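Engineer:
Numbering (the numbering used here), first residue to last: 2 to 176.
(1) Do you know offhand how far residue 79's Cα is from residue 120's?
(2) Measure the C-alpha to C-alpha separation of residue 24 and residue 126 and round it to an integer number of angstroms.
(3) Along the chain, where does the beta strand (DSSP E) containing residue 33 start, and where does it finish?
(4) Since residue 56 and residue 32 are thought to touch, with beta carbons under 8 Å apart, how far apart are those beta carbons, to the nearest angstrom?
(5) Helix, strand or coil for residue 5? Go by DSSP, reduced to three states.
(6) Hey, out of 29, 118, 17, whose CA is closest to residue 60's CA?
(7) Look at residue 50 and residue 36 and say whether their C-beta atoms are less than 8 Å apart.
(8) By the 10 Å Cβ neighbour count, where 16 or more other Cβ atoms means buried, how is residue 153 classified, buried or exposed?
(9) Identify the continuous beta strand (DSSP E) that holds residue 15 and give its terminal residues.
(10) From residue 10 to residue 16, what does the alpha carbon distance come to, in whole angstroms?
(11) Tell me the rounded alpha-carbon separation between residue 38 and residue 70.
(12) Check for me: the alpha helix (DSSP H) holding residue 85 runs from which residue to which?
(13) Closer than 8 Å by C-beta to residue 44: which residues in its own chain qualify, once you throw out the five before and the five after it? Chain order, please.
(14) Comparing C-alpha positions only, which one of 114, 86, 115 sits nearest to residue 104?
(15) Can you say whether residue 115 is buried or exposed, counting buried as having 16 or more other CB atoms within 10 angstroms of its CB?
(16) What three-state label does DSSP hand residue 68 in the structure shown?
Below you can see the structure in the form of structure tokens.
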């Protein structure tokens, strides 16, 4: 994690924060900034500092239920991937070092510059396609609508997944 504080002459300051997602996720970083702001506001008071309950970090991992043992499968997969990519890696997959993935021949990379209107169009398209594809192929979704709100990452993944499936359906190659 890195912090940069920029002071503006007679106008205040701004704080820039950069962190690797493996160290701090979005919610954790937001909670950190909110707790920091609360502590700064509260330090003018004489009483000892204590955070509001909604700003206190939660470390109880037992609250997260994993009945299918997905965590174990992901950790095993990650460990295997790390050792296959870098044969000299001895960290056993427990490192914050970014893995250098070899460039693959049939890999497509793209960068998208999306505006709010674009995201709304994608959301409408994904939701309309989901009602056909998701309900047809996953019994789990027969009685449940797609959860809203959808994050940008979820929208882009669903859009990327549904487009080729819809093309297969149009060609008659997908039941």
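Backbone N, C-alpha and C fix where the C-beta goes; we use that ideal spot for every residue, glycine too.
These figures come from a predicted structure and were not determined experimentally.
Structural biologist: With the structure as the only source:
(1) Distance between residue 79 and residue 120, taken at the CA atoms: about 31 Å.
(2) Going from the Cα of residue 24 to the Cα of residue 126 covers about 34 Å.
(3) First-last for residue 33: 27–43, but that is the alpha helix (DSSP H), not the beta strand (DSSP E).
(4) With 8 Å as the limit, residue 56 and residue 32 qualify as a contact, their Cβ atoms being about 6 Å apart.
(5) Three-state result, residue 5: strand.
(6) It is 29 whose Cα lies nearest to the Cα of residue 60.
(7) In this structure, the beta-carbon distance from residue 50 to residue 36 does not fall below 8 Å.
(8) It is exposed - the Cβ of residue 153 has fewer than 16 other Cβ atoms within 10 Å.
(9) Per DSSP, residue 15 belongs to the beta strand (DSSP E) from 13–19.
(10) For residue 10 and residue 16, the gap between their C-alpha atoms comes out near 15 Å.
(11) In this structure, the straight-line span from the alpha carbon of residue 38 to that of residue 70 is close to 38 Å.
(12) Residue 85 -> alpha helix (DSSP H) spans 71–86.
(13) Answer for residue 44: 50, listed in chain order.
(14) The residue from 114, 86, 115 with its alpha-carbon nearest to that of residue 104 is 86.
(15) Its Cβ having fewer than 16 others within 10 Å, residue 115 is exposed.
(16) The answer is coil: DSSP assigns residue 68 none of H, G, I, E or B.
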